[in-house]
Structures are given as structure tokens and as C-alpha cells.
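What follows is a short report on a single structure.
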Amino acid sequence: MSIKKAVLPVAGFGTRFLPATKAIPKEMLPIIDKPLIEYAVEEAVSAGIEEIIFITSHTKIAIENHFDSNFELEEKLLNSGKDDFIPLINPEKFKNIRFTYVRQKSQRGLGDAIAHASHLINDSAFAVLLADDLIFSEKSCLKQLIDIHKNTSSSVIGINEVPESDVSKYGVIKAAEDSELKIIDIIEKPDISDAPSNLAVVGRYILESDIFNYLKRVEEDSSNEIQLTDAIKLMLYDKDVFGCKYIGTKFDCGTKKGFVAATLYKGLEDEQIKQEINKIIGKA
Ligand code: G1P
């Protein structure tokens, strides 16, 4: 069965980017001229996803508007000879995509956010993308996971190697010795001393639908959150779960330094912006 639905949790407060995120969802902050969330949606759509399920909150209406049509603006652009812009605000590739929104009333963690999509998923495997993790790659990261899912019919998690000093920021896996990819343990944000490896979870998952049963069994952690990682850990007792060491360049746009780095990376792709960047950093 091919993967047709993707869940994108977007209900977080974006505290790290205040005051910018006081009235604007952090997912709407642009990398150059495109909101962060659109990169994740593009990645999903390019991997064959047909329905995007946003787990959202009352402060995130701008995301709904962004993926809706803006007839008035289109008319204005058309009537003022600026129709070149229309494909940017109404991209052909999104025309047949269904955008669905589910409100998460309180911030109870990633696992709780995913559980909010259970009634929309039925029995099929589905994708999860965390837009903060912006990944540039030739073959989309999600597609790389989907290809492993095709071969294994099991859940698959995006993995990358991180410096030991960073393990406490991520979910961290232990892989079976005979296979780099079969996961035998997973821990959410371990202390360096408890980390089973330096293989960190990135925000790309293909999950078999029985994850919802495991999520029901997960108890809140010390921050009163339901962690997806804890549900995956329970799943490991009964099911195979594989890691995908994807090929690509990842930016953690949930942090200021990752956000700026991603902006520079994209900026350097544009000759004019590149010249300005080079002037500032003294290479011109
Ligand atoms: C979440 C997951 C974590 C994963 C990370 C990837 O954490 O809980 O396991 O490593 O995404 O970005 P968050 O960044 O939401 O705290």
C-alpha cells in the first residue's frame, strides 16, 4: 500500500522566535520568500502524499489561509499584468492535494498531536513530517523513507549522526549489530551518559497505523507530554521498526542558528543574494 497521508504537527508556540511569533505561526516564517511549512508540504507532495493533515491550534489560522486560494489577490495580479506571481500563490502541484485541519486544544506533546489524526488514517501507514527539520536533498528525505517502507512493510524513522554533545536534544536509537537499520531501542532526549548511540531521530517518520494503539498506552513524561518516541519504544516489543540514514542536508529551523543557516544556504543558490552575502562576510 502506498503512503498517501501525511500528518504535520504545527500547534507549537514557537517561543524561541518571540516576538516574531507573537501573531505569526513560526511555521509561516520564511526561508527567503517561502514559509518554512511550505517546504515540508512540498517534500510530502513530491513523495506522493495526497492528503496533508495539519494538527493545529487557534493561533495558526495563517497556515489554513496559506494553503487555501486567495481569489481576490489572484484577480488583482491578473488585472495588473502580474500573472507571473499566480503560480507562486496557487501552485499547480497543490491543486489536487486535500488539506485537512485538526485542532489540538492543549500542548501535550508530539505523541498527543499525532494521536489527533487517528480517525483520519484508518488502517494504512502514514507519514509524519516536522517542519522545523528542513532537509534539502536530491531525492526527498520522505521518499527515501517510503522506499524502505516499501521493502519492509514496517515503520521507518529518519536518522542522522549527531555530535555526542547534541544527543540530549533528540530521540536517539540503538540499532541491531548485524544491521545498521533495524532499531532495537529508542530514547527521547537522553543524557549523554544514557544515550545508546549518536544516531538521532529527525522529523521524518513512516508509521504503521497501529502506532495509535501504542500511543494510548504511553504515560505523560515529566513535562506532562505524550512522547511519540515512547510509543515507538513500546512498538519495538512487537514489531520491526527501521531507521533510514537519509542522504541530504538538514537544518534545524526550530533554532535561530539553524534558521539563519538555512536562509544562507538558500540565499547562496541565488546569484544576486549570494553577492550580497559574500560582501557581508568579506569575500567580495
Ligand atoms: C521531536 C522528537 C525527537 C526528534 C526531534 C527531531 O522533538 O520528539 O525525538 O529527535 O523531534 O526534530 P522536538 O524537536 O519536537 O522537541
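Quick note, the sequence shown lines up with residues 4 to 287 if you use our numbering.
Even glycine gets a Cβ: it sits at the ideal position worked out from N, Cα and C.
Proximity below 8 Å, CB of residue i to CB of residue j
i    : j    : result
K259 : I189 : no
I124 : K8   : yes
D192 : S171 : The identity of residue 192 in the sequence shown is Lys, whereas the question assumes Asp. In this structure, S171 lies closer than 8 Å to K192 by Cβ.
R207 : L113 : no
H152 : I209 : yes
F97  : V131 : no
I35  : K269 : yes
A203 : Y240 : no
C256 : L21  : no
E167 : I186 : no
A116 : P33  : no
A23  : S60  : no
L3   : F70  : Residue numbering for the chain in the displayed model covers 4 to 287; residue 3 lies beyond these limits and cannot be assessed.
L271 : I280 : yes
Q107 : H119 : yes
A128 : S182 : no
K142 : V205 : no
Y217 : G161 : no
Boundaries (first-last residue) of the beta strand (DSSP E) holding residue i
i    : result
K8   : K8 to P12
L202 : L202 to L210
Secondary structure of residue i, DSSP reduced to three states
i    : result
V244 : strand
N281 : helix
K192 : coil
R220 : helix
K289 : An answer regarding residue 289 cannot be provided, because it is not within the stretch 4 to 287 covered by the chain.
D136 : strand
Y249 : coil
K98  : coil
D87  : helix
N163 : strand
I58  : strand
I1   : Outside the displayed range of the chain (4 to 287) lies residue 1, so it cannot be described from this structure.
I237 : A small correction: the amino acid at residue 237 is Leu; Ile does not occupy that position in the sequence shown. Here L237 sits in helix by DSSP.
K185 : strand
F74  : helix
S171 : helix
D197 : helix
S49  : helix
A43  : helix
F254 : strand
Residue range of the alpha helix (DSSP H) that includes residue i
i    : result
T266 : K259 to G270
G114 : L113 to A118
I35  : No alpha helix (DSSP H) holds I35; DSSP gives it neither H nor E.
T155 : C144 to T155
A65  : I64 to H69
S109 : Careful: S109 lies outside any alpha helix (DSSP H) and carries neither H nor E.
S121 : S121 to I124
Cβ distance (whole Å) where residue i is taken to contact residue j below 8 Å
i    : j    : result
S121 : G251 : With a Cβ gap of about 29 Å, S121 and G251 do not count as contacting.
S200 : V175 : 6 Å
P28  : A65  : 6 Å
message: Assess contact between the segment 37-47 and the segment 125-139, defined as three or more Cβ pairs (one per stretch) separated by less than 8 Å. Is contact present?
response: Judged by Cβ distances under 8 Å, the segment 37-47 makes contact with the segment 125-139, as three or more pairs qualify.
message: Using 8 Å as the cut-off, can you tell me whether the segment 223-233 makes contact with the segment 258-274, which would need three or more C-beta pairs spanning the two stretches below that distance?
response: Proximity of the segment 223-233 to the segment 258-274 falls short of the contact definition, fewer than three beta-carbon pairs being nearer than 8 Å.
query: Are the segment 147-159 and the segment 238-256 touching by the rule of at least three beta carbon pairs closer than 8 Å?
result: Result yes; three or more Cβ-Cβ pairs closer than 8 Å.
query: Is there contact here, the segment 5-24 with the segment 50-57, by at least three beta-carbon pairs under 8 Å?
result: Inter-segment contact for the segment 5-24 and the segment 50-57 is present: three or more beta-carbon pairs are separated by less than 8 Å.
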